[in-house]
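Quick note, the sequences are listed as chains A and B, same order.
Note that this note's numbering has the first sequence beginning at 1, numbered continuously upward.
Note that this note's numbering has the second sequence beginning at 110, numbered continuously upward.
Notes follow the structure.
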Amino acid sequence: MSDKADVLQGTLALMVLKTLEAMGSLHGYGIARRIEQTSGDLLSLNYGTLYPALLKLEQEGAISSEWGVSENNRKAKFYKLTRAGRKLLEKETRNWEQTAAILARFLAV
Amino acid sequence: MRLLRGWMRRAAGLLPNARREQELADELNAHLAMHIDDNLRRGMSVEDARRDAVLTLGGIEPTKQLYRERRTVPFLENLMQDVRFAVRQLRKNPGFTATAVFMLALGMSASVAIFVFVDAALIKPLPYRDPARLIVVYETAQPCLQCPLSYLDFLDWKKLNTGFQSMDAFRYANITVSVPEGAESAESFRVTSGFFRTLGVAPLLGRDFYDGEDSLAAPHTVMLSYSAWKQRYGGKPDVLGKTVTLDGDPRIIIGVLAPEFHFASTAAEFWTPFYPGGGCNSRRNCRAAYVIGRLKDGVSIETALANVKLIAGQLEKQYPDSNRGYGAMLLTLSKSMVGDIRPVLFLLLAGAGLLLLIASVNVASLMLVRSESRKREIAVRSALGASRARIAAQFAAEGLVLAAAGTALGLAMASWATHILASLIPAEKMIWMPFLKGIGLNVRVLGFSGAIALVASVLFSLTPSLHFSLSKTGGGIAEGTRGSSGRTWRRLGSKLVVVELSTAVVLLVGAGLLGKSLYALLHVELGLRPDHVVTIEMAAPQSYAASNEKAIALEGRIINRMKNLPGVKSVAISDLLPGLYWSGDVWVVVAGKPAPHVHNSVGERTASSGYFTTLGAKLARGRYFTEAEDVSKPPIAIVNESFAKKYFPGEDPIGKQVAYERTGPQVPMQIVGVVEDVRERQLDLPSYPVLYVPFVDYVGTYFYILARTSGDATPLLAALPSAIHQIDPNIATKDAAILTGLINDSQSAYMHRSSAWLAGGFAALALLLSVVGLYGVVAYSVSQRTREIGIRMALGAQRGSVYGLILKEAGWLTAAGIGIGLACSVGAAMSMRGLLFGVRSWDLETLAGVALVLGISAFFASYIPARRAASVNPVDTLHTE
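Here it is in structure tokens:
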């Protein structure tokens, strides 16, 4: 457990957006699982923290939600990207890549 | 944009919403169910599957809390919670809440109501284009400091000045209107042709005067006020082009003024051109034209003043007879309109402000008492983990709620009080205060109230926490049970009471001085007996002015007719009534004395033979005018004692001669009598030299009739106008009145009376509030010291010494309050010197009276709790320990 990384501040929203881009419509639990899986189980994600992040994105209009039925017939709230969300994702991705590139140069010195 | 949207959503989240809460629970349940399903599939036991799901989530409640905080704004959410809690707390304590809210509302409504008037008179812009550039132009000389100009001077000033874009003259005139029933008296203004363009107002209908329309050659025209149009012509648009006969002169109606237009008097119905010529307009010493000008862009009032002063100087040299000693003076239109009520308004606003201060201090100290008695609750809460800030926020919320409720109630009361106050202003006074038209709550008033509310909220939110931070909460639990006196509170609370008491002293002294002024004014030695004197104002048609004989014959007929009315003892005619107005001043020269360095300015009255007997004036020497006076005989005059003292010191004026100062041959008048001073000017001006000339020399058509009755004067009020109309139905009359009433309601008496009553009202409320405040402090102190008193008594203290203990404490507070208050009120009274009449600002009687009243009230306020203290049963107190 202890060698798992915590989610870096501010990156959770990006992960959520990217996940929703890849998966289309998905519920909270699904997003959490998907993030964990994509990280190759290297991330320690407190699932609870996902919900305020989803709410924030929804308040900002990046995602929208509606109630639906899950693959094993459970009623769940499904989230999907809005057009504003796609733009935000592009912007955040660029920002992140830039940050990562800058950091990589520093580390390469 | 995105962030803004987020914040707006969060603000919306403040509203409590059960559905959203349910949705969150559903979502988390679904999340857990899916996780548990997965875990079961991986082979966990049911119990482990659930445990793991909840753990990975981070707990259900913490997650919900995290979510909620994101959903709304936590600070605001807390605040809303506090406000709801505060409302509940206050509701549980209706006595405290009602008292606090009502006190605040009382102080607030007084201040706001007065502010409404201050705003209307001093802040609200006048309804003209760029009103700050409008200037009223005066000539100025002793004793007429704000004199109108003579028409000829006006023409010169208009032509020569460089500071004004335009300059126009206006003059109030009482005229008669021909109506189907005969003639009616109406008010009008004569204005030169550019007047409305100078003001920058456009008529509602038709046009205003074109340039040159004020020449005698132009067709005679008139503009109507909005109310004249509505009342006389039913508001019909076809009024333009119709003819109305004013003073016997038919005039074409060319325009109607807008409803919001007002100038000087709201009662003026007709606006006519100001024609040159006529007796007064052709004489440079007949000053009757008021002049208004609009400053050129970029020219300051100082520059314009320097310029007109130069012109006045030139005219002085050119026309020394009429213009010597006359300088120039400029006032902004708003200052000139508001005139002498300005200081009264400031005085009342200050009074209302002080009342508000007392009320707020009272509420603040009530809140202190309350927080003191809630010490235990606070201690328990902080022991349970409430942070200091959180507890302070709770009190702040209570303060906010109180201030908000007080403000709301205060505004409602203020709006009501404004209407009451406005309705108390008699209609004939209201006419001359056109700026009060349509007063009420407006943006500026709401802003003012908002500012008060803000200060009150801050004050009430901080007071309890101030106390709270002064005392140690740690001991609170223990202290609450034992009831030892809250020393911090007593120190702070008693300081507040001293502030209240001294403020009340200032208000009481102010009201006392104003009341004394009013009394002095109404009991000023008039030199006449105004009761039983009925007066009526009348205007005869211009045809009577055609010849002296006609005018004199009319006067004779009126006097004879009046004398024969039942109950009439004597009748007189005069050009003005005493005790009410500034009379027209004239310049005289005294025969046998060197020409005066400056003019000998004296008042002038035209009086018929019965004038002095009808008024009940006293003759000092010589004789009165008789009915035998005649224009063919050599002119005579009567002077008053002030005149005699000033111009004939140590001599007998009878037989001496005076003359009007003029160029060319002088016409000397022989003095035949000296009367004791009659207050011819308004009451608050001292007696001054007055010259009386016989009415037969007067050829005006506008005058007053005075009749003294032997019995009740009331029946004559109706009989006088009908008797006059029997002589000639075309004579216009105004309501008959009894002179006593006119003098008591005169402008100066009215000013003094209204300020005295309002200030008195404020002072009475201040007295009540401050005494209640003192009572509160002493009663609270007694309730806190019950244990101490019980022990003292158990140890042998007498009831008398317990009284002494409490009364001494209250006595110190009262003495300090009165002492500080008296010192402050002498200062305050100095600043209102100008509003006092016949009383000095350090009037000892008033100061001593106020100290006594407050001292006695304070004694009773503290006696009641002292009695309660003395009746403490030591056994009971010790039992409760």
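We treat Cβ as the ideally placed atom computed from N, Cα and C, and that holds for glycine.
Residue burial classification, B:Ser334 (beta-carbon count within 10 angstroms, cutoff 16):
Buried, since its Cβ has 16 or more Cβ neighbours within 10 Å.
In angstroms, rounded to a whole number, what distance separates the CA positions of B:Gly725 and B:Arg638?
Rounded to whole angstroms, the gap between the alpha carbons of B:Gly725 and B:Arg638 is 5 Å.
Separation of B:Phe969 from B:Ala903, as counted between CA atoms
One C-alpha to the other measures close to 27 Å.
Alpha-carbon spacing of B:Gly291 relative to B:Arg771, whole angstroms
Computed Cα separation, rounded: 41 Å.
Assigned exposure category for B:Arg591 - 16 Cβ within 10 Å defines buried
Low confidence applies to B:Arg591: its pLDDT is 43, below 50, so where it sits in the model is not reliable, and the reading given next is rough at best. Looking at its Cβ environment, which holds fewer than 16 other Cβ atoms inside 10 Å, B:Arg591 is exposed.
Presumed contact (8 Å Cβ cut-off) between B:Gln255 and B:Ser710, rounded CB distance
Wrong, their Cβ atoms sit about 15 Å apart, outside the cutoff.
Count the other C-beta atoms from every protein chain shown that fall within 10 angstroms of the C-beta of B:Met941, then say buried if there are 16 or more, exposed otherwise.
Result: buried.
Flag A:Arg94 as yes if its beta-carbon sits less than 8 Å from any beta-carbon of chain B, otherwise no.
Not one chain B Cβ lies under 8 Å of A:Arg94.
Could you check if B:Gly115 is buried or exposed, using at least 16 other CB atoms within 10 Å of its CB as the buried criterion?
It is buried - the Cβ of B:Gly115 has at least 16 other Cβ atoms within 10 Å.
Name the DSSP beta bridge partners of B:Arg396, please?
Partner(s): B:Ser259.
Is B:Met1023 helix, strand or coil by DSSP?
There is simply no residue 1023 of chain B to check, as chain B begins at 110 and stops at 990 in what is shown.
Would you kindly work out how many angstroms separate the C-alpha atoms of B:Leu313 and B:Leu349, rounded to a whole number?
A direct Cα-Cα distance of roughly 12 Å separates B:Leu313 from B:Leu349.
Please state whether DSSP places B:Met276 in a helix, a strand or coil.
In this structure, B:Met276 counts as strand in the three-state DSSP scheme.
Return no unless some Cβ of chain A is closer than 8 Å to the Cβ of B:Glu136.
Closer than 8 Å to some Cβ of chain A, the Cβ of B:Glu136 qualifies, so yes.
If contact is defined by three or more beta carbon pairs under 8 Å, each pair taking one atom from either stretch, is the stretch 66-76 of chain A in contact with the stretch 192-212 of chain B?
The stretch 192-212 of chain B is not in contact with the stretch 66-76 of chain A.
Is any beta-carbon of chain A found at less than 8 Å from that of B:Arg483?
No, B:Arg483 lies away from the interface with chain A (no Cβ there is under 8 Å from its Cβ).
Leaving out the 5 sequence neighbours to the left and right, which residues in its chain are closer than 8 Å to B:Thr810 when beta-carbon positions are compared?
For B:Thr810, where only same-chain residues beyond five positions count, the Cβ hits under 8 Å are Ala648, Ala649, Pro650, Gln651, Tyr653, Ala654 and Ala660.
Report yes or no: do three or more beta-carbon pairs, one from the stretch 302-310 of chain B and one from the stretch 848-867 of chain B, lie closer than 8 Å?
The count of Cβ pairs closer than 8 Å, one atom from the stretch 302-310 of chain B and one from the stretch 848-867 of chain B, stays below three, leaving the stretches out of contact.
Got a sec? Which residues, its chain only, sit under 7 Å from B:Thr582 by beta carbon, not counting five neighbours each side?
Its pLDDT being 48, under 50, B:Thr582 is placed unreliably in this model, and the value from its coordinates should be taken loosely. Ile487, Ala488 and Ser491.
Measuring CB to CB, does B:Glu738 end up less than 8 Å from B:Leu800?
No, the Cβ-Cβ distance between B:Glu738 and B:Leu800 is not below 8 Å.
Helix, strand or coil at A:Ser64 [DSSP, three-state]
The answer is strand: DSSP assigns A:Ser64 an E or B state.
Between the stretch 926-946 of chain B and the stretch 904-911 of chain B, do three or more beta carbon pairs fall short of 8 Å?
Three or more Cβ pairs closer than 8 Å define a contact, and the stretch 926-946 of chain B falls short of that threshold against the stretch 904-911 of chain B.
Pair every Cβ in the stretch 415-429 of chain B with every Cβ in the stretch 456-465 of chain B, then say whether three or more of these pairs are closer than 8 Å.
The stretch 415-429 of chain B vs the stretch 456-465 of chain B: no contact.
At 3 residues or longer, what runs of the beta strand (DSSP E) sit wholly inside the stretch 16-82 of chain A?
Counting only runs that start and end inside the stretch 16-82 of chain A, the beta strand (DSSP E) elements of at least 3 residues fall at 63-69 and 75-81.
Coil, strand or helix - B:Arg316 by DSSP:
In the three-state scheme derived from DSSP, where H, G and I count as helix and E and B as strand, B:Arg316 is classed as coil.
Taking Cβ-Cβ distances shorter than 7 Å, what residues in chain B pair up with A:Leu55?
Here the neighbours are Tyr176, Arg179 and Arg180.
I need the straight-line Cα distance from A:Leu14 to B:Asp147, nearest angstrom please.
If I take the Cα positions, the gap works out to 26 Å.
Any beta carbon of chain B sitting closer than 8 Å to that of A:Gly24?
Chain B, which has no Cβ nearer than 8 Å to the Cβ of A:Gly24, makes this no.
Listing by chain order, which chain B residues have their CB less than 8 Å from the CB of A:Ala76?
Simply Glu136, Ala139, His140 and Met143.
Which residue comes first and which comes last in the beta strand (DSSP E) that contains B:Tyr811?
Counting along the chain, the beta strand (DSSP E) containing B:Tyr811 begins and ends at Tyr811 to Thr818.
Taking B:Gly882 and B:Val606 to be in contact with their CB atoms under 8 Å, please state how far apart those CB atoms are, rounded to whole angstroms.
The beta carbons of B:Gly882 and B:Val606 sit about 5 Å from each other, so the pair counts as a contact at 8 Å.
Secondary structure of B:Gly303, DSSP reduced to three states:
B:Gly303: coil per DSSP, three-state reduction.
Which class does B:Pro535 belong to by DSSP, given the choice of helix, strand or coil?
B:Pro535 sits in coil when the DSSP states are folded into three classes, being neither helix nor strand.
Terminal residues of the continuous beta strand (DSSP E) containing B:Thr955?
Note, B:Thr955: premise wrong, no beta strand (DSSP E); alpha helix (DSSP H) at Leu953 to Ala979.
8 Å Cβ cutoff, A:Ser154 in contact with chain B:
What is shown of chain A runs 1 to 109, which leaves residue 154 of chain A out entirely.
Quick check on the DSSP output: the alpha helix (DSSP H) that includes B:Trp921 runs from which residue to which?
Arg908 to Ser940 is the extent of the alpha helix (DSSP H) around B:Trp921.
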